[in-house]
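Numbering (the numbering used here), first residue to last: -12 to 399.
Quick reminder that beta carbons are idealized off the backbone N, C-alpha and C, glycines included.
Since this is a predicted model, take the numbers as computed values, not measurements.
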Ligand code: OVM
């Protein structure tokens, strides 16, 4: 048997019959900054395209993306949700025990983290989120230029989330940098990934130190997870790993969701006017439409654990499939006028938070953060005026802004 070369850490498959070869790089910085033309071209290729650069498949149609993303029996997460196949290559950090695992083990860890982030827990955080959001918007709605990524989109989640988890000495910069490592690591071995992972010596020891029972307060989400270890449901090490998952997935996602909502509302003043008419009722739908329209998590992979077929295409075992959630969320066969930002539309079924057993476990807390900010903004701000061009920050998995200069004109 000839030894198969490893191309970017996974089995280099050949194009299956009926699948077009497409010489595009989804991780080109120009594509990452302006992905919609790439989404449209991707869906035109049929259910799948073959990327010769990475010897893997890609999909972006709504139905096929949903099928691959949610069928955990055929499409494993335990081999990594990035380009690296953990069956063939050592991961950059010990794998997540909830994201990067399959049932039956996943069922046990998911239960613990789901309970710690339940609607009841999130309900108890709402008042604090509201107060913090109102206070922050009050300090920013002065009509002079602010840089809304640092001043608002990063400032809010990096204050309220570590507090909810129970981090005693939060360090916003370290949380942001760790998130950059986690999400850039999903991609190929490119400059973005290398630059992010070079921060590991500065960041990883600090993150790991925050995850132990003794470093957390007694009344936060982290303590709830460690309580599951005290009663023997999981081990203390597993509890620490689940706290690490909170810190991995709970920062960049909400930072980009809030930043993307701001640019959407600034560029669609009719939708901001509508939101102002009923902030209590419309803040959540406006955040949800932001998720569909901008897909903060753009794409994750699955790995075929068996030989199978999807949409009549034969897929061999070991195939990495890049599921482009951003493209599925703009599929015109699923969404009417998909490129219109419309806070009144029915957004149910969007894939921005995934689907199936791995669907975002933090979705209730993430929504509560976005809702608190959009509600406060709609109550206190007359107009959002861009004062310069929004700049996107290329990242191998997250669609987020680097800079968003704007003015929040206060309501009189
Ligand atoms: C985790 C994890 C990491 C990144 C993303 C994510 C979006 C989860 O460590 O469990 O979900």
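Is the CB-CB distance between residue i and residue j below 8 Å?
i, j, result
"residue 121", "residue 394", "no"
"residue 291", "residue 3", "no"
"residue 353", "residue 211", "no"
"residue 309", "residue 0", "no"
"residue 162", "residue 85", "no"
"residue 234", "residue 361", "no"
"residue 207", "residue 152", "yes"
"residue 71", "residue 88", "no"
"residue 391", "residue 135", "yes"
"residue 29", "residue 297", "no"
"residue 330", "residue 269", "yes"
"residue 62", "residue 313", "no"
With 16 other CB atoms within 10 Å as the buried threshold, where does residue i fall?
i, result
"residue 168", "buried"
"residue 336", "exposed"
"residue 104", "buried"
"residue 92", "exposed"
"residue 426", "The structure shown has nothing for residue 426, since the chain only spans -12 to 399."
"residue 251", "buried"
"residue 285", "buried"
"residue 101", "exposed"
"residue 408", "The structure shown does not extend to residue 408, since the chain spans only -12 to 399, so no value can be given for it."
"residue 255", "buried"
"residue 8", "exposed"
"residue 375", "exposed"
"residue 230", "buried"
For residue i, which residues in the same chain have their Cβ closer than 7 Å to its Cβ, ignoring the five residues on either side in sequence?
i, result
"residue 69", "172, 173, 174, 288"
Could you check what DSSP says for residue i in three-state terms: helix, strand or coil?
i, result
"residue 178", "helix"
"residue 356", "helix"
"residue 285", "coil"
"residue 392", "strand"
"residue 251", "helix"
"residue 110", "helix"
"residue 45", "strand"
"residue 38", "strand"
"residue 387", "strand"
"residue 425", "Only positions -12 to 399 of the chain appear in this structure, which leaves residue 425 out of reach."
"residue 94", "helix"
"residue 129", "coil"
"residue 302", "strand"
"residue 345", "helix"
"residue -11", "Residue placement at residue -11 cannot be trusted, given a pLDDT of 49 that sits under 50; what the coordinates show is reported in the next sentence. Looking at residue -11 - three-state DSSP - the assignment turns out to be coil, as it is neither helix nor strand."
"residue 266", "helix"
"residue 203", "strand"
"residue 116", "helix"
"residue 76", "coil"
"residue 17", "helix"
"residue 190", "helix"
"residue 223", "helix"
"residue 134", "strand"
"residue 277", "helix"
Leaving aside the five residues before and after residue i along the sequence, list all residues of the same chain whose C-beta is less than 8 Å from its C-beta, in chain order.
i, result
"residue 408", "The displayed coordinates of the chain run from -12 to 399. Any statement about residue 408 would go beyond what the structure contains."
"residue 325", "316, 317, 318, 319"
"residue 184", "79, 168, 171, 172"
"residue 355", "109, 112, 113, 116"
"residue 53", "315, 338, 342"
"residue 203", "152, 153, 154, 155, 197, 209, 210, 213, 230"
How is the alpha helix (DSSP H) around residue i delimited, first residue to last?
i, result
"residue 310", "Note, residue 310: premise wrong, no alpha helix (DSSP H); beta strand (DSSP E) at 307 to 311."
"residue 409", "Residue coverage of the chain in this structure runs from -12 to 399, which leaves residue 409 outside it and unanswerable."
"residue 211", "208 to 217"
"residue 169", "159 to 171"
Between residue i and ligand 2, is the CB less than 7 Å from at least one heavy atom?
i, result
"residue 52", "The model depicted lacks ligand 2 and carries ligand 1 instead."
Could you name the residues of the same chain whose beta carbon sits closer than 6 Å to that of residue i, not counting the 5 residues immediately before and after it, in chain order?
i, result
"residue 368", "128, 395"
"residue 159", "145"
"residue -2", "305"
"residue 154", "197"
"residue 364", "124"
"residue 35", "6, 44, 46, 300"
Is the CB of residue i under 8 Å away from at least one CB in chain D?
i, result
"residue 136", "In summary, chain D is missing from the structure at hand, where a single protein chain is found."
What are the start and end residues of the beta strand (DSSP E) that includes residue i?
i, result
"residue 380", "378 to 380"
"residue 370", "368 to 373"
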